[in-house]
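Read the structure below first, then the notes.
Numbering (my numbering), first residue to last: 43 to 536.
Here it is in structure tokens:
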């Protein structure tokens, strides 16, 4: 009788790229056993670390989002927290062909008589005629054309060798357009061309002169002729105007920013000149008066900033349902925001919303937002009813500022509530710092767990390798004994 024994083994590739053979002696996949034992030991702690890292990251992100939204809101409130934001003044002109006007928050109500004798104008000059026309080469070597103004400002135009007249025009437009100087060509019936330069810079001292190429030289103080160079039309001039009959004033610009405090006037038309040279000034009345449009813009800005804050915060605290629900079954699932149930955020929201319904103690007939047609919706955002606003403005326009600004104004009260959360080292910053520390600790725990599991893997692998070696030795001994017995049986039979 012949007895045969057999063994099996498992071959695998290790993470280092080498080949590991397990179970050579026992036929058991010892590598899989070691892996299963290590995973069983690691899983509870690994699941805990993974879950805590995910939760901490979600909380940190949510709190950072709330902090950013609060900072944005307080910035918007700071920009509005000025009585001037709610004055509600606007400037108008009775004759927009003479002038237009706009006002800033520093303007004061009033009426002003404006007379305009002349507008500020810029310079326009021409070179002498170039008989060869636009294709005539103006320089044989690289050179610089200098264009200067009477006030001392000068511009340099670089010209390559053999630049034609049209090339000079193009170079000026390319290099000086941002400085308000442009050029064009005018060609007469004989084919001769002139280079005509214009400046958008206005005022008496802005006359243009040209030098650098003799054929293109211009003296901006000399009138141009049918063939000669010089200025076209009239010399540039300052605007001349008067307000409320005061002495004539001059301006190099048609935009007047200091004539009336807080008002910008743009002159559009000057006086008319009779045949005898007498000038009749153009007139307009500038009125700075009450306007609720700017006031409404400020209040709308507050509502928009507040709503953006509420949407950002509630997105982190809301419980949302997804899926369908019918009369026979419910397939909807709910998802909670990272800060759902967070007592600190609930307290913040309650404090903010409480300020909206708190009665203001400032003087005036306005004490709550609802008197302006501003109400709170179910989602916590504000809704502004334009019709109710317009109605409120007929009797309460002068009291809006008192509701919003001042030590007891809504903006200041909201800022006081929010500041402890957003300031350096404040409530939210402290929480974000704590989340960062927790994340660092969890990462350290992960490193420690990996180290311990690597050590356990090494220990178990050594033990199972030792067992496998012993089994291999026993198998070898068994095989030897059986071989001897088989040999004896064979000899006895013969």
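Idealized CB from N, CA, C, for every residue including glycine. Only a predicted model underlies this, so the values are computations on that prediction, with no experimental measurement involved.
Outcome for residue i when other beta-carbon atoms lying within 10 angstroms are tallied against a minimum of 16
{"i": "residue 63", "result": "Note on residue 63: pLDDT 45, under 50, position unreliable in the model; no value is reported."}
{"i": "residue 220", "result": "exposed"}
{"i": "residue 462", "result": "exposed"}
{"i": "residue 184", "result": "exposed"}
{"i": "residue 110", "result": "exposed"}
{"i": "residue 73", "result": "buried"}
{"i": "residue 300", "result": "exposed"}
{"i": "residue 534", "result": "exposed"}
{"i": "residue 252", "result": "buried"}
{"i": "residue 505", "result": "exposed"}
{"i": "residue 316", "result": "exposed"}
{"i": "residue 211", "result": "buried"}
{"i": "residue 483", "result": "exposed"}
{"i": "residue 256", "result": "exposed"}
{"i": "residue 519", "result": "exposed"}
{"i": "residue 496", "result": "exposed"}
{"i": "residue 525", "result": "exposed"}
{"i": "residue 511", "result": "exposed"}
{"i": "residue 528", "result": "exposed"}
{"i": "residue 244", "result": "buried"}
Own chain residues within Cβ distance below 7 Å of residue i, not counting five before or after
{"i": "residue 456", "result": "119, 394, 397"}
{"i": "residue 106", "result": "474"}
{"i": "residue 407", "result": "438, 441"}
{"i": "residue 345", "result": "416, 424, 426"}
{"i": "residue 223", "result": "189, 197, 214, 239, 241"}
{"i": "residue 431", "result": "338, 414, 415"}
Residue i - partner residues in DSSP beta bridges
{"i": "residue 273", "result": "167, 265"}
{"i": "residue 400", "result": "Residue 400 is not bridged to any residue."}
{"i": "residue 307", "result": "143, 298"}
{"i": "residue 475", "result": "Note: residue 475 sits in no beta bridge, so no partner."}
{"i": "residue 225", "result": "239"}
{"i": "residue 191", "result": "250"}
{"i": "residue 157", "result": "284, 325"}
{"i": "residue 546", "result": "Lying before the first or after the last residue shown, residue 546 is absent from the chain, which here runs from 43 to 536."}
{"i": "residue 430", "result": "In DSSP, residue 430 forms no bridge with anything."}
Candidates the options, of which the one nearest residue i by Cα
{"i": "residue 327", "options": "348, 334, 285", "result": "285"}
{"i": "residue 268", "options": "426, 170, 363", "result": "170"}
{"i": "residue 177", "options": "206, 150, 197", "result": "206"}
{"i": "residue 480", "options": "96, 494, 342", "result": "96"}
{"i": "residue 202", "options": "490, 179, 190, 189", "result": "179"}
{"i": "residue 238", "options": "464, 217, 453, 227", "result": "227"}
{"i": "residue 113", "options": "130, 72, 352", "result": "352"}
{"i": "residue 451", "options": "222, 400, 315", "result": "400"}
{"i": "residue 358", "options": "385, 136, 495", "result": "385"}
{"i": "residue 108", "options": "348, 515, 449", "result": "348"}
{"i": "residue 130", "options": "435, 458, 468", "result": "435"}
{"i": "residue 498", "options": "70, 77, 487, 430", "result": "77"}
{"i": "residue 336", "options": "132, 94, 319", "result": "132"}
{"i": "residue 101", "options": "472, 500, 532", "result": "472"}
{"i": "residue 354", "options": "293, 421, 532, 166", "result": "421"}
{"i": "residue 261", "options": "167, 525, 494, 330", "result": "167"}
{"i": "residue 116", "options": "530, 459, 329, 250", "result": "459"}
{"i": "residue 303", "options": "245, 329, 528", "result": "329"}
{"i": "residue 94", "options": "477, 501, 489, 493", "result": "477"}
{"i": "residue 289", "options": "75, 418, 155", "result": "155"}
{"i": "residue 140", "options": "307, 464, 418", "result": "307"}
{"i": "residue 274", "options": "165, 410, 343", "result": "165"}
Own chain, CB closer than 6 Å to residue i, minus 5 neighbours either side, in chain order
{"i": "residue 272", "result": "264, 265, 266"}
{"i": "residue 360", "result": "379"}
{"i": "residue 157", "result": "284, 323, 325"}
{"i": "residue 136", "result": "326, 327"}
{"i": "residue 218", "result": "197"}
Assumed close pair residue i, residue j - CB separation to whole angstroms, cut-off 8 Å
{"i": "residue 134", "j": "residue 193", "result": "With a Cβ gap of about 34 Å, residue 134 and residue 193 do not count as contacting."}
{"i": "residue 447", "j": "residue 123", "result": "6 Å"}
{"i": "residue 234", "j": "residue 175", "result": "6 Å"}
{"i": "residue 305", "j": "residue 149", "result": "5 Å"}
{"i": "residue 381", "j": "residue 104", "result": "5 Å"}
{"i": "residue 553", "j": "residue 364", "result": "Residue 553 lies beyond the stretch modelled for the chain, which goes from 43 to 536, so this question has no answer here."}
{"i": "residue 312", "j": "residue 159", "result": "6 Å"}
{"i": "residue 151", "j": "residue 332", "result": "7 Å"}
{"i": "residue 187", "j": "residue 172", "result": "In fact, because the Cβ distance is near 14 Å, the residues do not count as touching under 8 Å."}
{"i": "residue 162", "j": "residue 280", "result": "5 Å"}
{"i": "residue 309", "j": "residue 296", "result": "4 Å"}
Near the ligand GTP: residue i beta-carbon under 7 Å from a heavy atom
{"i": "residue 346", "result": "Ligands in the displayed structure: none, and consequently the ligand GTP is not present."}
Contacting residues, own chain, Cβ-Cβ under 8 Å from residue i (five flanking each side not counted)
{"i": "residue 291", "result": "282, 283, 284, 285, 301"}
{"i": "residue 491", "result": "84, 87, 88, 91"}
{"i": "residue 321", "result": "159, 160, 313, 314, 315"}
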